[in-house]
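Notes for the one structure printed next.
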Amino acid sequence: MKRSIRSITNPIKAHITIPGSKSITNRALLLTALAEGVSEITHLLISDDTIAFIEALRELGVMVQLDESTRSCIVGGCNGHFPKQNASIWCAQAGTVARFLLAASASSPGQYTFDADPQLRDRPIEPLLRILCTQGANVSPQNAKQMPFTIEGADGLQGGNIEIDGSISGQFISALLMVAPFAKNPVIIETNHLVGRSFVNMTCAMMAEFGVLVRRMHQERFSIPTPQRYVARDYIVEPDLTTAGYFFAAAAVTHGQLTIQPIATKKSLQGDVKFIAILEKMGCTFSENSTGLTIKAPLELKGVSVDMRDCSDAFMTLAAIAPFAKSPTTITNIGHTRLQESNRITVMREELAKLNVQVEEGPDWLKIYPSQPTGGKIDSHNDHRIAMAFAIIGLRIPGIEIDGAECVAKTCPDFFMLWDQLYE
């Protein structure tokens with residue numbers, strides 16, 4: 499699907515209701531499924547990735563009653579062991595389905611086959627697979643490095659010391675953490691060069707909310723006493739701050755004002771809350787009260803130099819704002835994003851260059867100079883965050899057309915409907 503972005507000349511002034519966080523939704527789905535008892539999740543995100551997670555849980559025998567009209571679901575917990583001991587899990591394009599449910603399946607007696615879309619098949623999973631095999635699970639074929647494969651789960655992982663490289667994906671560490679309470683022995687997870695630290699922090703915080711203790715010995719060493727069990731509870735999902743970032747950016751590039759629904763930013767579980775501080779460095783101001791969180795943009799944006807290792811999902815949003823700043827913007831420590839839905843650093847450089855933006859690329863950095871972008875056709879590379887980022891530029895520059903815009907359904911199916919509210 500091609501999507502033409504309509505430009506505007508006036509500062510926007512809008513109030514937008516942001517859907518629930520994808521990262522929190524899928525963690526809540528797994529934790530409620532592993533809990534003992536029945537839980538209700540409200541304000542969950544309904545998107546391709548979360549539906550894939552729900553369908554996978556159902557395939558594993560977990561009761562999930564979804565009410566799309568109220569954005570809520572009832573989950574019947576299985577106390578760590580999936581009811582079905584033979585299942586085929588279709589991960590679609592959802593990395594959380596592949597990584598989280600792989601670890602959970604390896605900890606549950608049975609045989610589970612995993613497969614996914616080609617895009618996800620190409621993303622790393624072997625490091626997690628090898629750890630699970632040392633913990634008592636078996637994989638077929640034995641030399642599997644990507645899906646499809648079949649995992650034969652154990653009755654709980656062995657536990658003990660687990661060492662895993664953290665430089666590829668923080669989802670590996672989150673996956674191991676969430677199944678650790680069911681291990682036969684206490685678990686110590688040691689990692690290094692951890693990317694997505696904020697997502698691992700989110701995992702630990704949510705485990706605590708469901709009654710499980712994780713001791714943080716230091717930033718890259720975790721101790722999980724066993725046995726422990728998750729306690730069923732009702733859970734409200736925060737608005738997605740990564741999605742909110744595109745709308746804050748819309749206000750920034752149009753020198754406008756925008757409000758989203760209330761969110762307790764100081765208590766937020768999401769790492770992309772840090773994007774607010776980045777926008778403040780660029781000259782934007784934020785205020786928070788009972789009606790919502792409001793951004794007011796200045797008449798002139800400043801360029802910034804920022805390490806986005808812990809909020810890398812938002813780096814493309816910043817890269818879309820950067821051409822309109824009065825000085826260069828440098829984004830560092832984002833090398834791991836080359837292994838996500840697309841090679842995000844290279845794709846952003848290539849697509850920005852199509853619009854006459856001066857941009858430089860390094861192994862783990864991107865530098866964008868003040869430019870006068872022109873219209874053009876953008877290839878989303880089937881990456882939802884690329885598509886949403888270039889909608890920001892389209893607000894300022896006429897003639898932006900995004901090819902493959904339907905990929906936004908992965909995390910925000912209503913994105914363009916919400917975007918249209920900016921013109922009202």
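Here my numbering runs 498 ahead of the position in the sequence shown, where the first position is 1.
For glycine and all other residues, C-beta sits at the position ideal for the given N, C-alpha and C.
As the structure is a computational prediction, the values presented were derived from the model and not from experiment.
Check for me: the beta strand (DSSP E) holding residue i runs from which residue to which?
i	result
E718	E718 -> no beta strand (DSSP E), and no H or E assigned at all.
G574	570 to 574
I900	898 to 901
S502	500 to 503
Of the residues the options, which one's Cα is nearest the Cα of residue i?
i	options	result
D653	L630, A590, T741	L630
I544	Q856, G535, D565, A554	D565
S825	Y867, K852, T724, P861	Y867
A818	N524, I895, I671, D808	I895
R883	P861, T872, N841	N841
L674	A512, M715, A730, F598	F598
F697	P684, N683, V710, M676	M676
S638	A604, T548, A812, G593	A604
D547	C910, A601, A747, L532	C910
Under 8 Å between the Cβ atoms of residue i and residue j?
i	j	result
K794	Q591	no
G578	E736	no
P607	G559	no
I623	I660	no
D877	G897	no
G658	N641	no
M806	N831	yes
M780	A742	no
F773	C809	yes
T568	T611	no
A730	C782	no
D770	T740	yes
A533	Y733	no
For residue i, which of helix, strand or coil comes out of DSSP?
i	result
Q591	coil
M561	strand
G664	coil
H513	strand
I734	strand
G535	coil
D549	According to the sequence shown, residue 549 is Ile rather than Asp. In this structure, I549 counts as helix in the three-state DSSP scheme.
I876	strand
G658	strand
Please list the terminal residues of the continuous alpha helix (DSSP H) segment that includes residue i.
i	result
L527	520 to 532
F888	882 to 894
V751	739 to 751
L756	Counting along the chain, L756 falls outside any alpha helix (DSSP H), though it belongs to the beta strand (DSSP E) covering 755 to 758.
K772	772 to 779
F914	913 to 918
Considering only residues of the stretch 606 to 654, which uninterrupted beta strand (DSSP E) runs meet the minimum length of 3 residues and lie entirely inside it, listed in chain order?
608 to 613, 636 to 638, 647 to 651
Quick one: complete beta strand (DSSP E) runs, 3+ long, within the stretch 681 to 722?
685 to 690, 713 to 716, 719 to 722
At 3 residues or longer, and completely inside the stretch 786 to 874: list those beta strand (DSSP E) runs for me, N to C.
790 to 794, 803 to 805, 827 to 830, 857 to 859, 863 to 866
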